[in-house]
Each structure stands twice: as C-alpha cells, then as structure tokens.
Amino acid sequence: MSPSPFLLPPLPLSASEDKWGSFGMPEFQATALVSNLCGMLQVSARADLFWQTGLLQEARSSSAIEGIRATLDEILEAHAGRAVPVERQDDVQDVVNYSEALQTGLEEIGRGRPLTLSLVRALHAQLLQGARGARKTPGQWRQRQVYIGAPGAGPHAASFVPPDPVHVLPLLENWEQFLQRKDLNPLIQAAVMHAQFEMIHPFLDGNGRMGRILIALLFLDKKVLTRPCFLMSAFFLHHQKTYYELLGNVSKHGDWRAWIEFFLKAVAEQSRDTIALFMNMNRLYDESGEAFCASTRSSHALSVLDCLFQKPLFTLPDLQKQLSGRKLSHQSLVNILNRLEQSGHIERIAPGRGRTPALWRFRALMALLA
Numbered sequence: 083m084s085p086s087p088f089l090l091p092p093l094p095l096s097a098s099e100d101k102w103g104s105f106g107m108p109e110f111q112a113t114a115l116v117s118n119l120c121g122m123l124q125v126s127a128r129a130d131l132f133w134q135t136g137l138l139q140e141a142r143s144s145s146a147i148e149g150i151r152a153t154l155d156e157i158l159e160a161h162a163g164r165a166v167p168v169e170r171q172d173d174v175q176d177v178v179n180y181s182e183a184l185q186t187g188l189e190e191i192g193r194g195r196p197l198t199l200s201l202v203r204a205l206h207a208q209l210l211q212g213a214r215g216a217r218k219t220p221g222q223w224r225q226r227q228v229y230i231g232a233p234g235a236g237p238h239a240a241s242f243v244p245p246d247p248v249h250v251l252p253l254l255e256n257w258e259q260f261l262q263r264k265d266l267n268p269l270i271q272a273a274v275m276h277a278q279f280e281m282i283h284p285f286l287d288g289n290g291r292m293g294r295i296l297i298a299l300l301f302l303d304k305k306v307l308t309r310p311c312f313l314m315s316a317f318f319l320h321h322q323k324t325y326y327e328l329l330g331n332v333s334k335h336g337d338w339r340a341w342i343e344f345f346l347k348a349v350a351e352q353s354r355d356t357i358a359l360f361m362n363m364n365r366l367y368d369e370s371g372e373a374f375c376a377s378t379r380s381s382h383a384l385s386v387l388d389c390l391f392q393k394p395l396f397t398l399p400d401l402q403k404q405l406s407g408r409k410l411s412h413q414s415l416v417n418i419l420n421r422l423e424q425s426g427h428i429e430r431i432a433p434g435r436g437r438t439p440a441l442w443r444f445r446a447l448m449a450l451l452a
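Numbering (the numbering used here), first residue to last: 83 to 452.
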C-alpha cells in the first residue's frame, strides 16, 4: 500500500495565527545587510550593468541543485546562438530556460504586475518549454499524485508524498493570499512562501527551480531590493543537504523556526557576498575603463565596456545590436575589437565560419565570475 498524501495545513493570513514568532538577531542582521546592499545599488550608476550576469549565475546554481549542470561559458555560448554539443543540449537548455523565465518574471514584476498564480503558471511554462520537462504539462497544475524520493525507488520508498491533487488549487489560493500580507518582514514571508510552495508541489516537474525563482520575484515585489542583483541559490547549493533537510523537517515535524533561521542566514551571507562581488566588479570596471581607453584611443571605448559587462561572451553582431543607437561604423567597431584583442583584454575563443560569427570573451570579467 502506498503512503498517504501529506495533509498540508494552509498558511496563516493574519499575525494572530502565525506559527513562528520573532527571530531577534538573525532577522535584524539579515535585514540590515540587505538594506546596506540596497543602498549601494541605489547610489550606483552601474548597477544595471551587472545584474544580467547575476541572473546567469543564479540559473546555474539553482539548476545545479537539481543535478542540472552547465558552465557559464556554455550558457553564454547558447545565448550567443552557438551550437551546443548534443550530449550537453538538455542541461544547457534547462539552464537557459531558467535564466529566461527568471528575467521575464523580474521584468513583469518591475512593470507592476502582481505576483499571482497566473504569473507562476506562465513562468513555469517558459521554464520547461523545449526542455526535458516539456512533456510534464508545463504551466498546468498537476492532476495526479506524485511521490518524492530516489529515482526509480517507487511510491513505497517515497521520502515525501505531496498533497492530493484535489487540494492543490485551494492550497495555492491560500498561498497567493499569504503573499498579499503586509504585516510580515518580507524576508520571513519569502522563507515561508518558498517552503509552502515546495510542499504543495503543484507541478509534475520543475517545482524546486520554480520555487527558487519565486524568492527573487517576491523580493522585488516587496521592494526588499529595487534592482534584482541579489539571488539565493548559490547558498542553497553550497548547503544543499541542510537545505533539503530543513525543508523536509517543516513537513515532518512542523519545524518552521529552524527553516526560517536558515533562510535568514542565507540572506545575510548572500548579501555579504553580493556586496563583495559588486565592489570587485566596480573595481574591475574602473580599471578596465582606463585600459580600454588607452588601448583603443576611441571615444566609444566605455560604451563597448558597458556592453561587455552585460554580455561577457559575445559576437560582433551582438555588439552592433547593443550599440545600434550610437554613431559607430562596422569598421570602427572591428578596429576596437582588434586593439582590445592585441592588448589581451578580450580573446577570440571560436573563429567565424561561414555565417557563424567569431565568438569573443571578456577575460577579466569571466575570471571574476568563475
């Protein structure tokens, strides 16, 4: 006989019903560090240059938690339209889909769209399109029972049995109402939101990745940050065993407190790491700006540098498209790239063949992000 589905309680919709209480110093530290990061981003004219590479790093880390692995080079090459080896196509496509779904979600929230079930379904469809999960009803709530456990182990060995499909929509509607609460610290709200979504397990595939996308969307929706430069999956990947264990303990023992404390620790550490990375990228930008100007002697050197910070693996057509609003001829851009290559700032990692343009890499930024 298969184990019974988990009877998941709905989330509290008022402070009087909350199950977790206050968190003292961990909550204070996490909130303070996020505020410091937010302040840095607000006064920086360059913050928008850096967030694109941050999204790719988030896509890599979140996908790796599920055993889906791709290098930053592979992801950027795919974005640049380069062919991916057949044996790597599934993993790379999954990670590319993640980065695109995350970017779409952040853009929708940035335009004022609320974080609703309809948006979740749309992003899930984008996450799974054309990838391994394409047959797992992308964008549709599951209509059958699923079992979580080791691959091929069967229902009897399941480590967790999500709620019966008949309860999925009511639980999701409660979850959506919980997101509208304004009396909670958004950091705690995000921790609870993520755990509840994983326990509902509303899709046949992609629940973990979708749940981590939702953390970034909620942070932006709740104005935790005004720019999407802060992402959580690197911490969860580095502490993967604890991440799964504490999520599991919420369903097994109702232990919300340990999970939320872990989440707050993740927020604090990722804030510190993001501040350090942002400072290093600022330093690299300043150093590279001087070097690019000296090497190229072009008034367009900093415009090219801006493009490379947004897309450190690139082709000549990529740059032409990014710089389309500037009075820069094709030959002038070729000359700039040749001088940057000669001075060692960029390198050609794949020659052009036929209609396939050469592929270039901004070495210093790729090394910093490795």
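For glycine and all other residues, C-beta sits at the position ideal for the given N, C-alpha and C. As the structure is a prediction and not an experimental result, all values here were calculated from the model.
Member of the options whose CA lies at the smallest distance from the CA of residue i
i, options, result
"Ser104", "Glu255, Gln402, Ala340 and Lys409", "Ala340"
"Glu169", "Val228, Ile150, Asn417 and Leu450", "Ile150"
"Arg379", "Trp257, Leu93 and Asn420", "Asn420"
"Leu346", "Pro284, Ser381, Ile297 and Pro94", "Ile297"
"Asp287", "Tyr326, Ala216 and Cys311", "Ala216"
"Gly140", "His320, Val228 and Val306", "As written in the sequence, residue 140 is Glu, which differs from the Gly given in the question. It is His320 whose Cα lies nearest to the Cα of Glu140."
"Leu197", "Met361, Met314 and Asp303", "Asp303"
"Ser425", "Arg309, Pro87, Glu372 and Ala452", "Glu372"
"Leu441", "Leu447, Gln392, Ala449 and Ile431", "Ile431"
"Tyr325", "Glu343, Phe301, Glu159 and Leu451", "Glu343"
"Val416", "Val349, His382 and Asp130", "His382"
"Glu423", "Val166, Arg291, Ala446 and Lys403", "Ala446"
"Trp257", "Ala213, Arg408 and Val274", "Val274"
"Ser181", "Val125, Pro220 and Leu209", "Leu209"
"Thr397", "Asn364, Ile428, Thr356 and Pro439", "Pro439"
"Ala449", "Ser411, Met363 and His206", "Met363"
"Ile157", "Gln171, Ile147 and Glu148", "Gln171"
"Ala129", "Ala112, Ala114 and Leu359", "Leu359"
Proximity of residue i and residue j at Cβ, strictly below 9 Å
i, j, result
"Glu109", "Ile270", "yes"
"Arg443", "Asp173", "no"
"Ala272", "Val332", "no"
"Leu137", "Gln185", "yes"
"Val116", "Arg142", "no"
"Leu123", "Leu366", "no"
"Leu93", "Phe260", "yes"
"Glu190", "Leu199", "no"
"Ser241", "Gly336", "no"
"Ser385", "Ser144", "no"
"Gln225", "Pro244", "no"
"Ile230", "Val250", "no"
"Asp246", "Pro87", "yes"
"Leu95", "Arg263", "yes"
"Asn118", "Ile357", "yes"
"His161", "Leu395", "yes"
"Phe374", "Ala348", "no"
"Ile295", "Leu205", "yes"
"Thr135", "Phe391", "yes"
"Pro220", "Ala239", "no"
"Pro268", "Leu299", "no"
Exposed unless 16 or more other CB atoms sit within 10 angstroms - verdict on residue i
i, result
"Leu188", "buried"
"Gln352", "buried"
"Gly236", "exposed"
"Ala376", "exposed"
"Glu280", "buried"
"Asp400", "buried"
"Gln322", "exposed"
"Ala97", "exposed"
"Asn289", "buried"
"Pro233", "exposed"
"Pro310", "buried"
"Arg354", "exposed"
"Met107", "exposed"
"Thr411", "First, the amino acid is wrong: residue 411 is Ser here, not Thr. Answer is exposed; the Cβ neighbour count stays below 16."
"Met361", "exposed"
"Gly453", "Only positions 83 to 452 of the chain appear in this structure, which leaves residue 453 out of reach."
"Arg435", "exposed"
Enclosing alpha helix (DSSP H) for residue i [first to last residue]
i, result
"Ala141", "Ala129 to Ile147"
"Trp257", "Pro247 to Leu261"
"Asn179", "Gln171 to Gly192"
"Ser200", "Leu199 to Leu210"
"Ile157", "Leu154 to His161"
N-terminal and C-terminal residue of the beta strand (DSSP E) that residue i is part of
i, result
"Glu109", "No beta strand (DSSP E) holds Glu109; the alpha helix (DSSP H) holding it covers Gly106 to Val125."
CB contact check: residue i to chain D, cutoff 9 Å
i, result
"Ser117", "Any reference to chain D falls outside this structure, which holds one protein chain only."
- prompt: Can you list the alpha helix (DSSP H) stretches of 4 or more residues lying completely in the segment 336-378, in chain order?
  reply: Segments of the alpha helix (DSSP H) lying fully in the segment 336-378: 338-378.
### Task
Enumerate, from N- to C-terminal direction, the unbroken beta strand (DSSP E) stretches of 3 or more residues contained entirely within the segment 277-322.
Counting only unbroken stretches of 3 or more residues, no beta strand (DSSP E) element lies wholly within the segment 277-322.
**Request:** Identify every run of the alpha helix (DSSP H) within the segment 373-446, keeping only runs that are complete inside it and at least 4 residues long; order them along the chain.
**Result:** Taking only runs of at least 4 residues, the alpha helix (DSSP H) segments lying wholly in the segment 373-446 are 383-392, 398-404 and 412-424.
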